[in-house]
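Taking it in order: structure first as structure tokens, then the write-up.
Number of protein chains: 2
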Amino acid sequence: MRISTLGYALLTLLAREPLSGYDLAQRMKRPLGFFWQAQHSQIYPELADLEEQGCILHQVVMQEDRPPKKLYTITGAGRTILQAWVTQPPAPPPQRNELLLKTYAIWLADQALAVDLFRTQEQLHAERLALYEQIQANIERTSGGRPRSHEPRFGDYATVRMGVAYEREYVAWCRWMVEQLQQALES
Amino acid sequence: MRISTLGYALLTLLAREPLSGYDLAQRMKRPLGFFWQAQHSQIYPELADLEEQGCILHQVVMQEDRPPKKLYTITGAGRTILQAWVTQPPAPPPQRNELLLKTYAIWLADQALAVDLFRTQEQLHAERLALYEQIQANIERTSGGRPRSHEPRFGDYATVRMGVAYEREYVAWCRWMVEQLQQALES
DNA sequence: GATGACATGTAATCAGTTACATGATTAG
DNA sequence: CTAATCATGTAACTGATTACATGTCATC
């Protein structure tokens, strides 16, 4: 009877437009995948669940050039439930960061290998940052400045803004780590 | 035969000092809990596993004023395995942030309730930030400036530094969210 | 005698990933 | 005919949380 966070994630997407399970799986890679992922194996059963609870409905749509699909639509009840959930404070998320775990033990490591590790991480996060900045610029361009908070696009903009801030700090921290580790190599 | 991330987390702690399962559970709350948590129900079986694989050893220690405990010590083999793991690039972690999910759907919400949500989040992260800054100051004070990368304390310092940067950005983003939402209320 | 910190375990459940399984349709 | 995309499902496994379970010792 309870809706899982994944359930709300699917409702969040369906509140914007009707989609098939396959479509939802695509969107759970991107853009939602930046902060909430799910495989299709988790999505299909969840859709059955949501439908049983009356949050969504589906109709089979025949297509000419592709196999038929089930198109899911959010119901009024689903929208109401989603709306109530949106402003409920989320439970503090369990933080799990393996790189920080490794950082905690970095004193044990070969310092040259440690430098490599953080250089690689810096690059990965710099790439992520570039991607987010591009998405952000894209939104600003296509919606004529910043979207307002009552439009769906505001969600895209606000989340990517967080992504940019996060990745910027991550890159800066990796650089600082490299500096610290190199000081040890020099002496 | 494979060691889980939790296993490495425990080795990371045992590389600093011998500890009991109970002690480890405490440290998995803090300081490690800031980036990797585990309950005692997960720790005890994992310790048995690590011992079976020869990474750790235990001896029962009788105490006068407390019940007896199993004191675990890292072995040479354990230390070698840990050392190799530390500089291996971690798999990209699955990002899951329920607040960003809600943010993505915030256009559906009552704007006044949305403001409350982000004000509350701002406060939570401001508290976290204050805690991290205090820990950071504490390390700087007790180790006479910044620890160097070959000392265990460097791990404490480097991780808390990331925590400070992260929470600062989080607070700033929450404030920005409140601003955006309030603009909608005013008009 | 009750509460709380110390101490160690197991069992049940849940969320999520990986693997298994099938089939339509299009483009090369 | 083969590979890629579209499309939908189930099964097995893993990591983690919550609940169950027991017992010591000190303090109030």
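Protein sequence lines correspond, in order, to chains Z and U. Take 1230 as the starting number for the first sequence in the working numbering and just add one per residue. Take 1230 as the starting number for the second sequence in the working numbering and just add one per residue. The beta carbon of each residue, even a glycine, is placed where N, CA and C say it ideally should be. Predicted model only: the values in this text are computed from it and were never measured.
- In this structure, the beta-carbon distance from Trp1336(U) to His1379(Z) falls below 9 angstroms.
- For Ser1378(Z), the nearest CB of chain U lies under 9 angstroms from its own CB, placing it at the interface with that chain.
- Closer than 9 angstroms to the CB of Asn1367(U) there is not a single CB belonging to chain Z.
- Considering only beta carbons, the part of the stretch 1295-1328 of chain U lying closer than 7 angstroms to chain Z consists of Leu1311, Gln1312, Val1315, Thr1316, Pro1318, Pro1319, Pro1322, Pro1323, Gln1324, Arg1325, Asn1326, Glu1327 and Leu1328, in chain order.
- Glu1398(Z) reaches chain U at Ala1394, Tyr1395 and Glu1398, counting residues in chain order whose Cβ is nearer than 7 angstroms.
- Straight through space, the alpha carbons of Gln1312(U) and Pro1376(U) are spaced by roughly 20 angstroms.
- In the DSSP annotation of this structure, the continuous segment of the beta strand (DSSP E) that includes Thr1302(U) starts and ends at Lys1298 to Ile1303.
- By the Cβ neighbour-count rule, Val1290(Z) is exposed, with fewer than 16 other Cβ atoms within 10 Å of its own.
- Contact note: Ala1355(U) does not reach chain Z at a C-beta cutoff of 7 angstroms; the least C-beta distance is about 14 angstroms.
- With respect to Asp1252(U), Tyr1333(Z) sits apart: the two C-beta atoms are not nearer than 9 angstroms.
- A Cβ of chain Z is located within less than 9 angstroms of the beta carbon of Ile1335(U).
- Taking 9 angstroms as the CB threshold, Arg1231(Z) stays off the interface with chain U.
- Looking at Leu1346(U), Pro1323(U), Thr1388(U) and Glu1396(U), the one whose alpha-carbon comes closest to that of Trp1314(Z) is Leu1346(U).
- For Ile1368(Z), the enclosing alpha helix (DSSP H) starts and ends at Gln1340 to Thr1371.
- Cα atoms of Phe1383(U) and Thr1234(Z): separation of roughly 37 angstroms, rounded to the nearest angstrom.
- Counting every other CB atom within 10 Å of its CB across the protein chains shown gives Arg1390(U) a total of 16 or more, marking it as buried.
- By the Cβ rule, the stretch 1304-1311 of chain Z counts as touching the stretch 1240-1247 of chain Z, because three or more pairs are nearer than 8 angstroms.
- By the neighbour-count definition (other C-beta atoms within 10 Å, threshold 16), Arg1256(Z) is a buried residue.
- The C-alpha of Ala1355(U) is placed about 10 angstroms away from the C-alpha of Glu1362(U).
- Against Pro1381(Z), the close residues of chain U are Tyr1333, Ala1334, Trp1336 and Leu1337, in the order they occur along the chain (beta-carbon pairs closer than 9 angstroms).
- With 16 or more other Cβ atoms from the protein chains shown falling within 10 Å of its own Cβ, Ala1343(U) counts as buried.
- Minimum Cα-Cα distance from Gly1392(U) among the listed residues Ala1320(Z), Leu1329(Z), Ile1272(Z) and Gly1283(Z) corresponds to Leu1329(Z).
- With a threshold of 9 angstroms between beta carbons, Asp1278(U) makes no contact with chain Z.
- Within the same chain, Pro1381 come within 6 angstroms of Arg1245(Z) by CB-CB distance, once the 5 residues on both sides are set aside.
- If you check the CB distance, Arg1397(Z) and Glu1398(U) come in under 9 angstroms.
- Contact between Ala1413(U) and Gln1340(U) holds, since their C-beta atoms are separated by about 5 angstroms, short of 8 angstroms.
- When rounded, the separation of the alpha-carbon atoms in Ile1368(U) and Arg1259(U) is 15 angstroms.
- The stretch 1236-1296 of chain U contains, as complete beta strand (DSSP E) runs of 3+ residues, the segments 1285-1290 (chain order).
- One Cα belongs to Ser1270(Z), the other to Glu1281(U), and the distance between them is close to 35 angstroms.
- Each of Glu1415(U), Thr1302(U) and Leu1360(U) was checked against the Cα of Cys1284(U), and the nearest Cα belongs to Thr1302(U).
- For Thr1316(Z), there is no enclosing alpha helix (DSSP H), since its DSSP letter is neither H nor E.
- Residues of chain Z whose Cβ lies closer than 8 angstroms to the Cβ of Leu1261(U) are, in chain order, Leu1330 and Tyr1333.
- Apart from sequence neighbours up to five positions away, the residues of its chain that approach Gln1266(U) with a beta-carbon distance below 8 angstroms are Met1257 and Lys1258, ordered along the chain.
- For Met1257(Z), none of the residues of chain U pass the 8 angstroms Cβ criterion, the least Cβ distance being about 11 angstroms.
- Counting along the chain, the unbroken alpha helix (DSSP H) around Met1391(Z) starts and ends at Pro1381 to Glu1415.
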